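If you count the sequence shown from 1, position 199 lands on 199 in the numbering used here, and the numbers rise without skipping. Ideal placement from N, C-alpha and C gives every residue a C-beta, glycine not left out. Quick caveat, the model's predicted, so the values are computed rather than measured. Notes for the one structure printed next.
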Amino acid sequence: MDFQLTEEQRALQETARAFATQEMTEVGRELEEKDEPLSHAHIKRYAEMGFLGINVAEEMGGLGLGNLEALIVLEEFAKVSPAVAFPIFESSVGPVRAVEHFAPESLAKKVVPQVCAGEIVCAVAMSEPDAGSALTDLKTTAKVEGDTVVLNGQKRWCSGGGHADGYVIYSKMSADPGAKGIGAVYVEKGTAGLSFGPRERLMGFRGIPSADIFLDNVEVPTSNIVVPAGGFRQLMEAFDLERCGNATMSLGIAAAAFEHALAYTQERQAFGKELVEFQAVQLKLAEMAMRVEGSRLLIHRAATNAEEGLPSVLESSIAKCFANEIVREVTGSAMQVMGAYGYAKEYGMEQRMRDAWGWGIAGGAIDIQKVNIASALVGRRFNQRAK
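Laid out in structure tokens, this is it:
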């Protein structure tokens with residue numbers, strides 16, 4: 001058991017940190033101000049630097065590194081802003097990994113290399129108006145008719161909705177109840193019958209578009225089936241890695257808030273001395289550091305134990321739940337330490353607090369993660385439905 005990064009991992013971390021801070025800080029501010037997604041030109045630049053598909057197999061256009069390396073890079077970009085980190089999230093821990101792992105080879109070779117090359121952005125469409133935490137209640141259908149799949153339904157809270165070039169659509173693909181009937185289909189933007197609602201206006205996540213997706217007799221070839229009916233377990237295995245990405249987004253925000261507060265308290269003076277000289281401030285800083293370090297260890301454990309595969313539901317849920325909770329605490333403490341400067345938009349802390357709350361809702365709410373944790377501990381699922 002080694003808690004130190006290797007020399008190669010440190011070099012990758014330093015490269016990511018330098019690029020993110022030097023080239024993307026001002027871009028992140030612009031995305032926040034204008035609420036616009038990262039441009040394709042910037043995404044292509046990411047690809048040139050090797051930041052897309054870090055843990056994707058080399059034959060698929062990735063770097064062929066591990067999940068830990070991908071999360072190390074993601075954290076450095078998330079420190080700048082979730083919007084500049086989002087393409088890395090989508091390419092390394094997002095739906096493209098389900099395509100890589102489980103889709104037919106022809107589909108994987110079509111989609112994954114394009115994502116790693118920065119040519120397309122791939123998003124996942126899971127939730128619906130009446131199916132969020134209760135995901136197996138989804139109503140979107142994907143019926144196989146000969147060599148064609150016909151999709152009908154509505155998706156909601158799709159990060160990248162209307163902006164992404166391709167969508168992994170979770171669908172009901174058979175009459176079997178619950179998870180047994182669920183699979184996923186890949187649908188390209190521009191396909192006839194696919195349309196989008198207006199942009200959602202959210203508390204945070206500015207620069208990460210979100211919109212409803214409408215599917216009205218959308219037809220795609222059966223070769224676009226990522227997993228057929230009954231493949232829900234596989235989709236959730238891939239989603240366990242996405243949980244680690246969600247946790248790392250929270251970690252990056254928390255780490256940046258802590259680092260900002262730590263620097264501020266050594267510069268700002270009150271009553272003739274630096275803020276850091278006050279014991280109350282010291283306690284706040286110590287508590288923030290403990291939470292950030294604890295979160296990072298849990299995330300790295302989940303990624304490392306997965307080796308080159310996918311994390312376990314227990315370890316990924318623990319990492320996500322903890323990171324989602326501590327980022328709210330850390331950004332709140334950092335704002336309090338900075339006082340009026342923390343509350344002012346100019347200094348960025350209020351943005352971190354707004355963004356912090358979103359990750360504990362996205363990708364499985366905090367309380368749902370706790371149910372997952374309890375289920376994994378006792379080795380069985382709990383029925384949440386009324387009897």
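Three-state secondary structure (DSSP) of R381: The count along the sequence shown starts at 1 and reaches residue 381 at position 381. Reduced to three states, the DSSP call for R381 is coil.
Could you check the C-alpha separation between Y341 and Q22 for me, to the nearest Å? Within the sequence shown, the letter at position 341 stands for residue 341. Within the sequence shown, the letter at position 22 stands for residue 22. Going by the C-alpha atoms only, they are around 23 angstroms apart.
Can you give me the C-alpha to C-alpha distance between A390 and Q4, rounded to a whole angstrom? The structure shown does not extend to residue 390, since the chain is modelled only from 1 through 387, so no value can be given for it.
Kindly indicate which residue of K143, A117 and A319 has the alpha-carbon position closest to the one of I54. The sequence position of residue 54 within the sequence shown is 54, counting from 1. Of K143, A117 and A319, the residue nearest in Cα terms is A117.
Bounding residues of the beta strand (DSSP E) (the contiguous stretch that carries E219): By 1-based counting over the sequence shown, the position of residue 219 is 219. Residues S210 to P221.
For V115, which residues in the same chain have their Cβ closer than 6 angstroms to its Cβ, ignoring the five residues on either side in sequence? For this step, residue 115 is matched to residue 115 along the sequence shown. Cβ within range, chain order: S91, V96 and C122.
Return the CA-CA distance between T191 and V218, expressed in angstroms with no decimal places. Against the sequence shown, residue 191 aligns to sequence position 191. Against the sequence shown, residue 218 aligns to sequence position 218. Those two C-alpha atoms are separated by around 7 angstroms.
Have a look at A256 and G50 and give me their C-alpha separation to the nearest angstrom. To locate residue 256, count along the sequence shown from 1; it is residue 256. To locate residue 50, count along the sequence shown from 1; it is residue 50. Pairing A256 with G50, the inter-Cα distance amounts to about 23 angstroms.
N224 and Y186 closer than 9 angstroms at C-beta: Numbered from its first residue, the sequence shown carries residue 224 at position 224. Numbered from its first residue, the sequence shown carries residue 186 at position 186. It is a contact, given that the beta carbons lie within the stated cut-off.
Inter-residue spacing [alpha-carbon to alpha-carbon] between T304 and L68: The residue you call residue 304 lines up with position 304 of the sequence shown. The residue you call residue 68 lines up with position 68 of the sequence shown. Roughly 6 angstroms between the two C-alpha positions.
Top-ranked residue by Cα proximity to L377, from L314, T222, F271 and N383: What you label residue 377 is simply residue 377 of the sequence shown in a count that begins at 1. For the residues L314, T222, F271 and N383, the minimum Cα distance to L377 belongs to L314.
Of the choices G64, L63, K110 and A20, whose alpha-carbon is the least far from that of E76? Taking the first residue of the sequence shown as position 1, residue 76 is located at position 76. The option with the nearest alpha carbon to E76 is A20.
List, from N- to C-terminal side, the beta strand (DSSP E) runs of 3 residues or more that fit wholly inside the segment 5 to 59. none
Supposed contact pair F322 and G294 - C-beta distance, whole angstroms, cut 8 angstroms: Here the question's residue 294 lines up with position 294 in the sequence shown. Here the question's residue 322 lines up with position 322 in the sequence shown. Confirmed, about 7 angstroms.
Determine the burial state of T6: buried for a count of at least 16 other Cβ atoms within 10 Å of its Cβ, exposed for fewer. In the sequence shown, residue 6 corresponds to position 6, counting from 1. By the neighbour-count rule (16 or more Cβ atoms within 10 Å), T6 is not buried but exposed.
Going by the DSSP bridge assignment, what does N152 pair with across the sheet? As a first step, residue 152 is located in the sequence shown; it is residue number 152 there, counting from the start. According to DSSP, N152 bridges with T141.
State yes or no: is the C-beta of A98 within less than 9 angstroms of the C-beta of F239? For the purposes of this step, residue 98 is identified with residue 98 of the sequence shown, where counting begins at 1. For the purposes of this step, residue 239 is identified with residue 239 of the sequence shown, where counting begins at 1. Taking 9 angstroms as the Cβ cut-off, A98 and F239 qualify as a contacting pair.
Y264 to R354 span [Cα, whole Å]: Along the sequence shown, read from residue 1 onward, the residue named residue 264 stands at position 264. Along the sequence shown, read from residue 1 onward, the residue named residue 354 stands at position 354. Taking the straight line from one Cα to the other gives about 20 angstroms.
Tell me whether R291 is buried or exposed, calling it buried when 16 or more other Cβ atoms sit within 10 Å of its Cβ. Here residue 291 corresponds to residue number 291 of the sequence shown, with the count starting at 1. Result: buried.
According to DSSP, is E188 helix, strand or coil? The residue labelled residue 188 in the question sits at position 188 within the sequence shown. E188 falls in the strand class under three-state DSSP.
Alpha carbon to alpha carbon, what distance is there between R10 and G379? For the purposes of this step, residue 379 is taken as the residue at position 379 of the sequence shown. For the purposes of this step, residue 10 is taken as the residue at position 10 of the sequence shown. About 37 angstroms.
Look at the Cβ atom of L235, then the Cβ atom of V227, and state whether they are nearer than 9 angstroms. Position 235 of the sequence shown, counting from 1, holds the residue named residue 235. Position 227 of the sequence shown, counting from 1, holds the residue named residue 227. Yes, these two residues count as a Cβ contact at 9 angstroms.
CA-to-CA distance, Q282 to V276, given in whole angstroms: For this step, residue 276 is matched to residue 276 along the sequence shown. For this step, residue 282 is matched to residue 282 along the sequence shown. So the two alpha carbons sit approximately 6 angstroms from each other.
Going by beta-carbon coordinates alone, are G230 and D147 separated by less than 9 angstroms? Here the question's residue 230 lines up with position 230 in the sequence shown. Here the question's residue 147 lines up with position 147 in the sequence shown. It is not a contact, given that the beta carbons lie outside the stated cut-off.
Contact between the segment 201 to 214 and the segment 23 to 40: three or more CB pairs below 8 angstroms? yes
Bridge partner(s) assigned by DSSP for V168: For this step, residue 168 is matched to residue 168 along the sequence shown. Looking at the DSSP assignment, V168 forms a beta bridge with V124 and Y186.
L310, buried or exposed, once every other Cβ within 10 Å from all chains shown has been counted against 16: Translated into positions along the sequence shown, residue 310 becomes position 310. It counts as buried.
Tell me where the alpha helix (DSSP H) around S250 begins and ends. Here residue 250 refers to the residue found at position 250 when the sequence shown is read from its first residue. Segment F232 to T265, the alpha helix (DSSP H) holding S250.
Rounded to whole angstroms, what's the CA-CA distance from K423 to G94? Just pull it up for me. Given that the chain is displayed from residue 1 to residue 387, the structure contains no residue 423 and the question cannot be resolved.
Quick test of your reading: F89 and M249, contact by CB under 8 angstroms. State the CB separation rounded to the nearest angstrom. Mapped onto the sequence shown, residue 89 falls at position 89. Mapped onto the sequence shown, residue 249 falls at position 249. The beta-carbon separation of F89 and M249, rounded to 7 angstroms, stays under the 8 angstroms limit for a contact.
Enumerate in chain order the residues of its own chain whose CB-to-CB distance from R233 is below 8 angstroms, with the five nearest sequence positions on each side excluded. Here residue 233 corresponds to residue number 233 of the sequence shown, with the count starting at 1. The residues are A179.
Measuring straight from C-alpha to C-alpha, what distance separates A289 and F258? Residue mapping note: residue 289 aligns to position 289 of the sequence shown, counting from 1. Residue mapping note: residue 258 aligns to position 258 of the sequence shown, counting from 1. Approximately 7 angstroms, taken between the alpha carbons.
Report the rounded CA-to-CA distance for T140 versus A47, giving the unit in angstroms. Within the sequence shown, numbered from 1, the residue matching residue 140 stands at position 140. Within the sequence shown, numbered from 1, the residue matching residue 47 stands at position 47. Roughly 33 angstroms between the two C-alpha positions.
So what does DSSP say about E119, is it helix, strand or coil? Mapped onto the sequence shown, residue 119 falls at position 119. The answer is coil: DSSP assigns E119 none of H, G, I, E or B.
Does DSSP put I225 in a helix, in a strand, or in coil? Numbered from 1 along the sequence shown, position 225 holds the residue referred to as residue 225. Of the three classes helix, strand and coil, the one that applies to I225 here is strand, per DSSP.
What did DSSP end up calling S159 once you bin it into helix, strand or coil? As a first step, residue 159 is located in the sequence shown; it is residue number 159 there, counting from the start. For S159, the secondary structure class from DSSP, reduced to helix, strand or coil, is strand.
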